[in-house]
Amino acid sequence: MIILSRSFTGNYPKKPFDWDSYCKNTNGRKAPSYLFQPHRSENLFTPGMKLEAVDLREPALVCPSTVVDIRGPLLKIHFDGWEVTYDQYLDMDSLDLFPVGYCEITGHPLQPPGPRPDPYTQPGYQYGESHMKGLAGNNLTPAAPKMTKPLKTEQVNKPKPVKSPLHPESMYFVNRRCCCGPYLNDAKLLKIPETVKGVLGGSDKNNIVRKCLQLLVTSSENPKNVLDLLCHEFYQTKKHSDLDLAATVCIEIKTKNDKRIVRRVKIASKADTIRPNIERVLQLLGCCPNVFAKDKYPTEQCDACRVKQTSELNVNYTEFTQQPVSVPSNEPV
3 MIILSRSFTG NYPKKPFDWD SYCKNTNGRK APSYLFQPHR SENLFTPGMK LEAVDLREPA
63 LVCPSTVVDI RGPLLKIHFD GWEVTYDQYL DMDSLDLFPV GYCEITGHPL QPPGPRPDPY
123 TQPGYQYGES HMKGLAGNNL TPAAPKMTKP LKTEQVNKPK PVKSPLHPES MYFVNRRCCC
183 GPYLNDAKLL KIPETVKGVL GGSDKNNIVR KCLQLLVTSS ENPKNVLDLL CHEFYQTKKH
243 SDLDLAATVC IEIKTKNDKR IVRRVKIASK ADTIRPNIER VLQLLGCCPN VFAKDKYPTE
303 QCDACRVKQT SELNVNYTEF TQQPVSVPSN EPV
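Using our numbering, read the sequence shown as starting at 3 and increasing by one per residue.
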């Protein structure tokens, strides 16, 4: 009989715990000790190896990935074409890792690499010293540091030329009092910023289309339903081919239980199709196309929505005044 007796601080009970009685009362079985191996097999993965990995944020997706770091039995997995913020650590024996060609053999769809320029996919990429620690036993050695010449005085004082941005910036005004449709919450819409600034393309974080979509999802009545709607309409189907949806961004929400949900949405990558892309999303949600606009209206409401709202108020007032008034029968009419 195994009896554990420990002294705990705080409000923990000091009674001895009997595993035999506990298993008997709960109809449980002890896991045999031989299942717990004190040593594991050697980790033979090396940085730079390509494989197919499950995106734990969206488990239905299997993506081309790269092993970029090794920490004992853990592998740092990078999804090719995506930012390093989406990297994840997985055990070397994880069932979420597959060899190259797994999806082709099983018929499972393999997601293409993301649109972002990725140093891990460039030929001749040199891993740093922290990555090379996982290469013990191999004949690979880190590249020698490059020798640099000392700078002259005129080179030090010479100002560097200002480079033009790779992607042009853009800004939309948010007309928060325009018609928000059946999906959005007008009270939440009033709380979002008055302007949205971003770039036409570029990284997932600063993309102006992603920012607009994120604000729409956040200000909706049911963010998860709207997120799933956008994912299905602009990612899982082949609709809207006229918009040339060649880029992909991630939209995320947090549930009431602080659970993080991420979905991928395809967006336009060309400057001349970005505005039609935003208008198509607003049309899908039943919103006024001027919710995001280049022009800011004084009352944050376009002329069409103002006229529509005024006419609806007049109709409601007319219907109210035309209702018959009930008169008690015991009083003269």
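Beta carbons are placed, not taken as given, at the ideal position from N, Cα and C, and that holds for glycine.
Where Ala55 sits in the DSSP three-state scheme:
The three-state secondary structure of Ala55, taken from DSSP, is strand.
Three Cβ pairs or more, each shorter than 8 Å: is that satisfied between the stretch 71–88 and the stretch 16–36?
The stretch 71–88 is not in contact with the stretch 16–36.
Compute the Euclidean distance between the alpha carbons of Asn292 and Asn177, then round it to the nearest angstrom.
The straight-line gap from Cα to Cα measures roughly 7 Å.
Assign Asp22 to buried or exposed, taking buried as 16 or more other Cβ atoms, counted over all protein chains shown, within 10 Å of its Cβ.
With fewer than 16 other Cβ atoms within 10 Å, it is exposed.
Distance check for Pro101 and Cys307, CA to CA, integer angstroms please.
Our two residues, Cys307 and Pro101, have alpha carbons roughly 55 Å apart in a direct line.
By a C-beta neighbour count over all protein chains shown, 10 Å radius and 16 as the cutoff for buried, is Asp260 buried or exposed?
Result: exposed.
Where does the unbroken beta strand (DSSP E) through Val176 begin, and where does it stop?
Residues 171–176.
Quick check: the Cα distance between Leu232 and Leu287, rounded to an integer number of angstroms?
Looking at the two C-alpha atoms, the distance is approximately 9 Å.
Other residues of its chain near Asn279: CB distance less than 7 Å, five sequence neighbours each side excluded
These residues qualify, in order along the chain: Val211, Leu245, Ile269, Ala270.
Which residues bound the beta strand (DSSP E) around Tyr91?
DSSP places Tyr91 inside the beta strand (DSSP E), whose first and last residues are 90–93.
Identify every residue that forms a DSSP beta bridge with Leu218.
BP columns for Leu218 are empty, so no partner.
Which ranges does the beta strand (DSSP E) cover as unbroken runs of at least 3 residues, wholly within the stretch 242–327, from first to last along the chain?
Runs found: 249–256, 262–269.
From Cys304, Arg42, Met94, Tyr174, residue whose alpha carbon lies closest to that of Met51
The closest CA to that of Met51, considering only Cys304, Arg42, Met94, Tyr174, is found on Met94.
Less than 9 Å between the C-beta atoms of Pro114 and Pro66, yes or no?
In contact: Pro114 and Pro66 (Cβ atoms closer than 9 Å).
What is the DSSP secondary structure of Lys207, reduced to helix, strand or coil?
Lys207 sits in coil when the DSSP states are folded into three classes, being neither helix nor strand.
In whole angstroms, give me the CA-to-CA distance for Lys226 and Ile255.
Just so you know, the alpha carbons of Lys226 and Ile255 end up roughly 7 Å apart.
Secondary structure, alpha helix (DSSP H): runs of 4+ residues fully inside the stretch 30–115:
Entirely contained in the stretch 30–115, the alpha helix (DSSP H) runs reaching 4 residues are, in chain order, 104–108.
Consult DSSP for Leu192 and reduce its assignment to one of helix, strand or coil.
In the structure shown, Leu192 sits in coil (DSSP, three-state: anything other than H, G, I, E or B).
Between Trp84, Thr220, Asn208, Cys214, which lies nearest to Thr257 when the distance is taken from Cα to Cα?
For the residues Trp84, Thr220, Asn208, Cys214, the minimum Cα distance to Thr257 belongs to Thr220.
Alpha carbon to alpha carbon, what distance is there between Cys290 and Thr239?
So the alpha carbons of these two residues sit roughly 24 Å apart.
Using DSSP with H/G/I as helix, E/B as strand and the rest coil, what is Thr197?
Assignment of Thr197 by DSSP, reduced to helix, strand and coil, places it in the strand class.
Could you pull the DSSP bridge partners for Phe236 from this structure?
Secondary-structure assignment with DSSP links Phe236 through no beta bridge to anything.
Looking at the strands, I want to know which residues DSSP matches up with Leu186.
Note: Leu186 sits in a beta bridge opposite Ser222.
Grouping DSSP H, G and I as helix and E and B as strand, with all else coil, what is Asp120?
Asp120: coil per DSSP, three-state reduction.
Between Gly30, Asp20, Pro61, which has its C-alpha nearest Val264's C-alpha?
Nearest Cα to Val264 within the set Gly30, Asp20, Pro61: Pro61.
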